[in-house]
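Some notes on the structure that comes next.
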Amino acid sequence: MTAPSAFQASVLTLFPEMFPGPLGASLAGKAASDGLWSLETLDIRDFARDKHRSVDDTPFGGGAGMVMRPDVIDAALHQVHSNGRPLIYLTPRGRLFDQALAQDLAAAEGVTLLCGRYEGVDQRVIEAWDMDEVSVGDFVLSGGEAAAITVLDAVVRLLPGVLGSAESLTEESFKEGLLEYPHFTRPEVWDGRPVPEVLRSGHHKNIEAWRRDQAETTTRSRRPDLWDRFVAAGTNKKG
Ligand code: ADE
Numbered sequence: 028m029t030a031p032s033a034f035q036a037s038v039l040t041l042f043p044e045m046f047p048g049p050l051g052a053s054l055a056g057k058a059a060s061d062g063l064w065s066l067e068t069l070d071i072r073d074f075a076r077d078k079h080r081s082v083d084d085t086p087f088g089g090g091a092g093m094v095m096r097p098d099v100i101d102a103a104l105h106q107v108h109s110n111g112r113p114l115i116y117l118t119p120r121g122r123l124f125d126q127a128l129a130q131d132l133a134a135a136e137g138v139t140l141l142c143g144r145y146e147g148v149d150q151r152v153i154e155a156w157d158m159d160e161v162s163v164g165d166f167v168l169s170g171g172e173a174a175a176i177t178v179l180d181a182v183v184r185l186l187p188g189v190l191g192s193a194e195s196l197t198e199e200s201f202k203e204g205l206l207e208y209p210h211f212t213r214p215e216v217w218d219g220r221p222v223p224e225v226l227r228s229g230h231h232k233n234i235e236a237w238r239r240d241q242a243e244t245t246t247r248s249r250r251p252d253l254w255d256r257f258v259a260a261g262t263n264k265k266g
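So that you can map any letter, position 94 of the sequence shown is 121 in this note's numbering, and since no number is skipped, the others follow by simple counting.
Have a look at this one:
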């Protein structure tokens with residue numbers, strides 16, 4: 028049997044100097060040095076065709092801002108994108124990124140990420156390449172780069188061999204559709220605040236029940252949207 032080949036991420040951006048950024052440190056940085064994934068950054072400006080190296084132009088129909096040209100993006104994609112890999116355009120107009128999508132991407136052989144700037148990318152190249160438009164949240168960033176870093180961070184930690192047993196995936200937030208329970212460490216009393224008694228009891232069944240209750244209570248109050256989905260799936264204790 029041959030070893031699975033490393034996950035290959037390709038990022039198209041007007042700001043290649045923003046990469047690897049946080050992905051070069053900590054878990055993702057170590058995983059890259061260990062050969063578990065690799066990052067290729069393409070400068071979109073290198074694919075501009077005119078002498079001014081222009082990558083954007085004014086919008087048809089008028090309005091503020093500039094739009095990234097389809098011919099320039101298309102040329103960059105022809106160089107870097109391999110079919111069979113997901114192709115994602117980061118935009119606040121996209122569907123929301125979540126843990127399920129992170130898992131899907133981690134199961135692929137790699138991903139191509141297009142970072143928008145200005146008002147966005149000409150719609151025709153989005154359609155011609157059948158891009159998956161993805162947003163990291165209901166707010167507007169100054170460009171897709173921070174969003175691409177967020178997506179890659181969430182994906183890389185799910186790749187086989189990246190997390191050691193110390194950072195296990197088994198109980199983390201969203202795993203079961205719930206937010207995680209709260210954590211405590213020494214000292215037992217800090218600033219007049221004791222660690223909850225049950226966690227010091229050594230009674231594993233009670234600890235498990237307390238954590239489960241905390242996870243459900245927190246999810247219900249902070250994220251009614253997640254709670255409703257969780258209840259619909261039929262695995263809750265609170266009803
Ligand atoms: N570009 C600008 N804002 C964004 C967002 N919220 N998600 C993805 N890409 C973006």
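Just so you know, even glycine gets a beta-carbon here, dropped at the ideal spot from N, CA and C.
Check: residue i C-beta below 6 Å from any heavy atom of the ligand ADE
i, result
"Thr118", "yes"
"Ala174", "yes"
"Leu123", "no"
"Ser162", "yes"
"Gly171", "yes"
"Leu168", "yes"
Rounded straight-line distance, which links the Cα of residue j to that of residue i
i, j, result
"Gly111", "Asp159", "13 Å"
"Arg213", "Thr245", "23 Å"
"Glu199", "Val94", "40 Å"
"Leu117", "Glu243", "32 Å"
"Pro187", "Pro113", "19 Å"
"Ala102", "Leu141", "13 Å"
"Arg72", "Leu123", "28 Å"
"Glu136", "Gly56", "19 Å"
Residue of the options minimising C-alpha distance to residue i
i, options, result
"Glu86", "His231, Lys78, Pro97", "Inspection of the sequence shows that residue 86 is occupied by Pro rather than by Glu. Comparing Cα-Cα distances from Pro86 to each of His231, Lys78, Pro97, the minimum goes to Pro97."
"Glu172", "Arg220, Pro119, Leu226", "Pro119"
"Arg270", "Gln106, Ser228, Gly89, Tyr208", "The structure shown does not extend to residue 270, since the chain spans only 28 to 266, so no value can be given for it."
"Asp125", "Val161, Gly137, His230, Tyr145", "Val161"
Residues near residue i in its chain [Cβ-Cβ closer than 7 Å; skip 5 each side]
i, result
"Val189", "Leu54, Ala58, Leu63, Val183"
"Ala181", "Ala129"
"Trp156", "Leu104, Leu114"
Neighbourhood of residue i by C-beta, 8 Å cutoff - its chain only, sequence neighbours within 5 removed
i, result
"Val148", "Val94, Met95, Pro97, Ile100, Tyr116, Thr118, Leu141"
"Arg227", "Glu215"
Test: residue i CB closer than 7 Å to a CB of chain C
i, result
"Arg256", "Protein chains in the displayed structure number just one, and chain C is not present."
At which residue ranges does the segment 28-72 contain complete beta strand (DSSP E) runs of 3 or more residues, listed in the order of the chain? Complete beta strand (DSSP E) runs here, min 3: 34-40, 64-70.
Those runs of the alpha helix (DSSP H) which lie wholly inside the segment 130-168 and span at least 4 residues: Taking only runs of at least 4 residues, the alpha helix (DSSP H) segments lying wholly in the segment 130-168 are 150-155.
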